[in-house]
Amino acid sequence: MKGTNLGEFEELVLLVVGVLQEDAYGVAIKKELEKQAGRSVSIGAVHAATNRLELKGFLDSHFSALTRERGGKRKKCYRVTLFGQQALKTAMDTRSKLWGLIPEGSFIVKPG
Amino acid sequence: MSQQPPKNAQRLLRWFCQPQFLEEIEYDLEELFEENLRLHGEKYARQQYRRDVLRHLKPFFLRNPFVYQRQNSISMWFNYLKIALRNFRRSKVISSINVLGLSLGLASCLIVFFHVKDELSYDQFLDNGSQIYRVLNIEPDSDQPYSAGGPIPLGPALVQDFPGIEKAVRLWRDYRPTLSLGEKVFQESSLMFTDQDFLEMISFPLLQGDPETALSQPNTIILTQSMATKYFGKEDPMGKMLQYSGARGELIFRVTGVMEDLPHNTHFKFDFLASFLSVKSQLDNWGSFKPIWTYITLKQGVIPDDIRAGFADFALKYVPDRVRDHPGYTFDMEPLNQIYMHSRADRNMKPLGNMQSVYVFAIVGMSILLIACINFVNLSMAKSLSRTREVGVRKTIGAVRRQLIGQFIVESGLTVILSLLFAVALSAILLPVYNDVANKAIELYTLFDLRFIGIALSALLLVTLLSGLYPALFVSRISATDALRKKGTGKAGANLGMRKVFVVIQFMISAVLIIGILVTREQMDYMSVKPLGIDKENVLVVPNSREEAVFFDGLRALPEVLSLGVSQRLPVNTLNYDERTFNVEGNENAVSAQSCVIDEDFVETMGIEIIAGRNHFKGNPGQWEFLINESAVKNFGWGSPENALNKNIFYSKRDSVIGKVIGVFRDYHLASLHEKIPPMIMFRDAYQSKRDYQRVFTSVKFRTDDLPGFLAKVEQQWKQHNAGRPYFSFFIDDSYRQLHEPDHRFATIFDYVTFIAVFIACLGLLGLSMLTIDQKTKEIGIRKTLGASVLSVTTLLSKGVVKLIIAGLILASPVAYYLMTAWLNGFSYRVELGWDKFLLAFLLTLLVSLATISFQTLRAALSNPVNALRDE
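Below is the structure:
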């Protein structure tokens, strides 16, 4: 599996999956992302990201129970793995550390 | 919800997307679609669905064929290439035979392609070639019914009588006029008088001058570029004057245009175009069928058959005598752009081609390629036997049949590509040879156009498939277990039959060609030794001279000169035809014959044999006496030569030229051996009228050891009397040879072709015998240990091949017989097609092929059996 580092979009998707808990599937992720990040996201991009994250081991997935809707198709729901959680934490820690290293008073904007 | 997402987008998604992603994507897309449907309506929802599908078009989702499988198979193809190259290196001799044979075959095909392309290009560059027609006349009762020459006033009369004809132009070739510019004097052979619309109708571009007005005045002339250079050098010829002296009297032409030299691929042949308005006499002479060609265009909407329908009445109106003498006499027309390939008419500006020869060439080229392909197939199949193990291993590892076929096709493709490259280089080298032999001027750079590349690529594909597919199918059929247990060889026996058929075909083609060579050679020999009725050796021809008597005395004083004679025409030549129609005693209908004015010594100089009567013209000046040939005796209905003597001939009642036959001479050839000897009549000009020097030749029979010295003496004598006139000289035997130039050319091309074909066939035989012997090494070893002699082993190895060759020869006989009979029928005087040629060809083919394999068989037969049996 190539690289375990997270891209910016991937990190967002991973976080959103965490936010959504049980109901983290494509359309829901897309909508939550649009709501929280305030930008338009294509469903294709979401699918590519979730499947890639799954390949990398940051997400795992299960199909929902069979319903009558949509010709018997099932939706694919994601959950953040432990490995994914660690990756998110690493990413956040790196950022906090870097924020901490910025000399006091050089930024007008403050973290937090 | 009744509305569904767009089907086509769904299909697209299912097509490109890997199945494991499909369900998720489809579910989500559908949910979005439903939501959009609710919020924004159907149109927007469908649009959005499509857009979303396209957004999934990322490498990540794509199915195998697009991504993974390709990488895999590319490496396989590289492996095939590598194996092919290894095989190539391992069996150098066989591979070289393949490449050599194929490149020779392909090169021959390329040359044939060049030839055919050139033949078909004649006149195609002219605008409206299909709407311009050349007028012919037809004499149904004649040997050669179609003739392109017409009466002088034909063109204007056609325009006048047929409202459907828009325009007519004439080209009248002037007979050997002299043009001069101060000191520069030349006798020209291709000066045409033509109507002013000629360039408007037929789109030869002018380099200088206005095509519409250049010939609108009398005494104007257009020159080709090379003629302009010949007379004017680097000066601008426009407006300059040229002095003309010839059949139309003395004229002065003003140069009003310069045109490019005519390309070689046109049926037109002229160096000068002079305005028809310069011609003052003969304009309404319907009786003379001189070398005058008439071209017409039709008005919009008129079809040729409309015009043709009126030709019979037209002929009856203008040339009633002709129609009476030749029942059914009429005119016809043919499109300009079809003249070169399809015209049946004689009297053309230069020799035409024909479709038949194009077919012959194409078939011959294809046959050579076929022989080469057969080599390739046979050798590949024989060689593939040694590769059964490889096939077995590949199959065990998991190669499917398709892949194996692919592999073998790649190998053949490689050989064919290599051969094609060689072939292109080879044809570039051979093109000058071809140009020389075929008397063409095809330039290399004109050949490499798109069409050529197309042909080359399709040849590549075709030959690869033809010669690669069969061995590939055959090898890949062997099952893996058989192949590994070395049982493949047993199966190979099944297709030995096919290989035999191929060898038979090869030798059939070779034998047909060899018989062809023998027959053409014999005909050529026959033509050079056939008694022509004259003694063509050592006869020099020069133009007639002023102060004839003095000139003759001067010549006779030369020790080399045996005799000299004057004549209006020459044997074995095409310089001028003069067919006359007149009446003879005891024959109600008019007869026609070639006529020729001669002097007392002509018969002796040419060595013409008198078989009845006398040669000497006695009688007083003013009395007419005729010599006729054997054909004339027969044609005039006079029975025997003796019987013909003293019969009356009414040559021209108007001029009271009436006289008696005083002698009959043996038929001699006026033209090539393709043509029958026509009835002929020779006579002395009783009035000794002033001889037009351009139309009368002096022939000199000589014997000398110093030819250049003698020629110089004659020329010097002539020039003393003829200041300001052009001099020329030629030998009768040379002009005879020129007459048969096309035949010699054909024979030479045939030699080359046959040589190449037989060479390739023998190459194949060599390769095949090598492989067979290779596979039989053990057998030979065992036989020898058991006491077989060298002879018996050699016989064993050659027997099979000899049988095949004999089968090929037998099949070749009827084909060769049919083809060569057709070729010989083109000659009125020809050799018989005897069985001895066939026998000789058989022996030759057998000998050559035995010689080819003997080296291999003998080596095998002489080899020490220990070497053969050692490795086990």
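Protein sequence lines, in the order shown, are assigned to chains A and B.
Residue 1 is where the first sequence starts when you use the numbering used here, and the numbers rise one by one after that.
Residue 1 is where the second sequence starts when you use the numbering used here, and the numbers rise one by one after that.
Every residue, glycine too, gets a C-beta built ideally from N, C-alpha and C.
- Take Lys350(B), set aside five residues on each side of it, and the residues of its chain with a beta-carbon closer than 6 Å to its own are Lys269, in chain order.
- A Cβ of chain A is located within less than 7 Å of the beta carbon of His56(B).
- For Arg52(A), the neighbours in chain B by C-beta distance under 7 Å run, in chain order, Phe60.
- By DSSP's assignment, Asp60(A) forms a beta bridge with Arg79(A).
- Taking 9 Å as the upper bound on Cβ-Cβ separation, chain B lies near residues Ser42, Ile43 of the stretch 31 to 43 of chain A.
- Per DSSP, Thr224(B) lies in no alpha helix (DSSP H); the unbroken beta strand (DSSP E) holding it starts and ends at 220 to 224.
- The DSSP-derived three-state label of Val358(B) is helix.
- Against chain B, the CB of His62(A) has no partner CB under 7 Å away; the residue lies outside that interface.
- Runs of the alpha helix (DSSP H) spanning 4 or more residues and lying entirely within the stretch 747 to 821 of chain B occur at 777 to 785, in chain order.
- Among the residues of the stretch 7 to 38 of chain B, those with a Cβ less than 7 Å away from any Cβ of chain A are Phe21, Glu23, Glu24, Ile25, Glu26, Tyr27, Asp28, Leu29, Glu30, Glu31, Leu32, in the order of the chain.
- The stretch 82 to 99 of chain B and the stretch 766 to 778 of chain B touch, with three or more beta-carbon pairs separated by less than 8 Å.
- Contact holds between the stretch 628 to 644 of chain B and the stretch 666 to 686 of chain B, because three or more Cβ pairs, one in each stretch, are under 8 Å apart.
- Cβ contact annotation for Leu570(B) (same chain, cutoff 8 Å, sequence separation greater than five): Val541, Phe697, Ser699, Ile732, Ser735, in chain order.
- For Arg322(B) and Ala425(B), the gap between their C-alpha atoms comes out near 57 Å.
- Shortest Cα-Cα distance from Asp325(B) to any of Phe125(B), Leu106(B), Val566(B), Arg580(B) involves Arg580(B).
- In the same chain as Ala456(B), and ignoring 5 residues on each side of it, no C-beta atom comes closer than 6 Å to its own.
- Counting only runs that start and end inside the stretch 418 to 501 of chain B, there is no beta strand (DSSP E) element of at least 3 residues.
- About 11 Å separates the Cβ atoms of Tyr133(B) and Ile303(B), ruling out a contact at the 8 Å cut-off.
- C-alpha of Gly7(A) to C-alpha of Leu14(A): approximately 10 Å in a straight line.
- Non-local beta-carbon contacts of Lys280(B) in its own chain, meaning distances under 7 Å to residues more than five positions away in sequence, are absent.
- Counting only Cβ-Cβ distances below 7 Å, Val27(A) has contacts in chain B at Asp28, Glu31, Leu32, in chain order.
- Annotated three-state conformation of Phe270(B) is coil, per DSSP.
- Chain A has no Cβ within less than 7 Å of the Cβ of Asp482(B).
- Leu120(B) and Val433(B) have their alpha carbons spaced roughly 21 Å apart.
- Within the stretch 65 to 98 of chain A, contact with chain B at the beta-carbon level (separation under 7 Å) is assigned to Arg70, Lys73, Arg74, Lys75, Lys76.
- By a beta-carbon distance limit of 8 Å, Met381(B) does not contact Arg308(B). Their separation comes to about 58 Å.
- Linking Val169(B) to Glu642(B) through their CA atoms gives a straight-line distance of about 50 Å.
- Rounded to whole angstroms, the separation of the alpha carbons of Gly586(B) and Gln623(B) is 21 Å.
- Just measuring C-alpha positions, the residue of Asn285(B), Val255(B), Leu207(B) sitting nearest Pro156(B) is Asn285(B).
- Within the stretch 329 to 384 of chain B, the alpha helix (DSSP H) runs of at least 4 residues that lie entirely inside it are, in chain order, 339 to 342, 355 to 384.
- For Val53(B), the CB contacts under 8 Å within the same chain, skipping 5 residues up- and downstream, are Ala9, Gln10, Leu12, Leu13, Leu29 in chain order.
- Annotation: the stretch 236 to 270 of chain B contains the following complete segments of the beta strand (DSSP E) (minimum length 3 residues), in chain order: 241 to 246, 249 to 259.
- Rounded to the nearest whole angstrom, the C-alpha separation of Val831(B) and Val503(B) is 32 Å.
- Within chain A, the residues Ser42, Ile43, Gly44 have their CB atoms less than 8 Å from the CB of Asp52(B), given in chain order.
- Look at Trp638(B) here: in three-state DSSP terms it is coil, with no helix or strand label.
- For Glu579(B), there is no enclosing alpha helix (DSSP H); the residue is found in the beta strand (DSSP E) stretching over 579 to 584.
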